[in-house]
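Yeah, the sequence shown ends on 95 if you go by my numbering, and it's all consecutive.
C-beta atoms are modelled at their ideal positions from N, C-alpha and C, and glycine is treated no differently.
Take a look at the structure set out below.
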Amino acid sequence: MAMPSSSTVIGVDVAKAELVIYRQDLDQLKTHANDKAGCAQLLKTL
50 MAMPSSSTVI GVDVAKAELV IYRQDLDQLK THANDKAGCA QLLKTL
């Protein structure tokens, strides 16, 4: 029996100063600085 599949849509807007991440399944919008620490936070978010 096959497991049902699901997908998550994530959008990332990259600007000079910030990263804006939208996660559709949670209807969630987050903003992180576009620097090393902000990229680390982005990876934790994903």
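- Message: Threshold first: 3 residues or longer. Then list the beta strand (DSSP E) segments lying entirely within the stretch 50-88, N to C.
- Response: Listed in chain order, they are 59-63, 67-72 and 77-82.
Considering only the alpha carbon of each residue, which of N83, I70 and C88 lies closest to V58? Ranking N83, I70 and C88 by Cα distance to V58 puts I70 first.
>> Let me make sure I understand the geometry here. Which of V61, A66, S55 and M52 has the alpha-carbon closest to that of K79?
In response: Closest option to K79, Cα to Cα, is V61.
message: I need the DSSP call for L95, collapsed to helix, strand or coil.
response: Of the three classes helix, strand and coil, the one that applies to L95 here is coil, per DSSP.
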